[in-house]
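Enquirer: The sequence shown begins at 384 in our numbering and counts up by one.
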Amino acid sequence: MVSILCNVFDDWGMSIKNGLGEKWLLILAIAFACIALFMLYSVAISSLKKSIRKNKFVFKWVQLFFMIVFAFFSIWFLTLL
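1) Is it the case that the Cβ atoms of PHE415 and SER457 are separated by a distance below 8 Å?
2) Once you ignore the five residues that flank ALA412 on each side, which residues in its own chain have a CB closer than 6 Å to its CB?
3) Which residue from ALA419, LYS400 and GLY402 puts its Cα closest to that of MET450?
4) Grab the span of the alpha helix (DSSP H) containing LEU464 for me, first residue to last.
5) Please go through the segment 386-450 and give each complete alpha helix (DSSP H) segment of 4 or more residues, from N-terminal end onward.
6) Return the Cβ separation of LEU464 and LEU408 in integer angstroms, given the expectation that the two are a contact with Cβ distance under 8 Å.
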């Protein structure tokens with residue numbers, strides 16, 4: 384039995400694919416993946432800088448949340464292809 388939420392995401396994904404086309408879907412997936420990787424790079428560099436200076440590292444939870452969202456969107460767009 385498939386849940387209603389899965390049906391909503393399938394329908395929403397197919398309407399995005401039909402509206403944008405495969406080329407733009409691939410471009411969006413690559414863009415979201417690049418943004419997620421840049422956020423991961425930023426967190427890694429800031430943690431390295433804080434550890435070198437011996438300051439207390441404050442983790443950016445909002446940046447982690449958006450990094451995960453962008454990664455999921457890029458994976459979702461790639462599965463639609």
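Glycine is no exception: its CB is placed at the ideal position from the N, C-alpha and C atoms.
Only a predicted model underlies this, so the values are computations on that prediction, with no experimental measurement involved.
Expert: Here's the rundown:
1) What you label residue 415 is simply residue 32 of the sequence shown in a count that begins at 1. What you label residue 457 is simply residue 74 of the sequence shown in a count that begins at 1. Result yes, Cβ atoms of PHE415 and SER457 sit closer than 8 Å.
2) Sequence index remark: in the sequence shown, residue 412 carries index 29 (1-based). The answer, listed in chain order, is SER457, PHE460 and LEU461.
3) Position 67 of the sequence shown, counted from the start, is the residue given in the question as residue 450. That would be ALA419, whose Cα lies nearest to the Cα of MET450.
4) By 1-based counting over the sequence shown, the position of residue 464 is 81. First-last for LEU464: undefined, no H or E at that position.
5) 387-403 and 405-436
6) Position 81 of the sequence shown, counted from the start, is the residue given in the question as residue 464. Position 25 of the sequence shown, counted from the start, is the residue given in the question as residue 408. About 6 Å separates the two Cβ atoms, so the contact holds.
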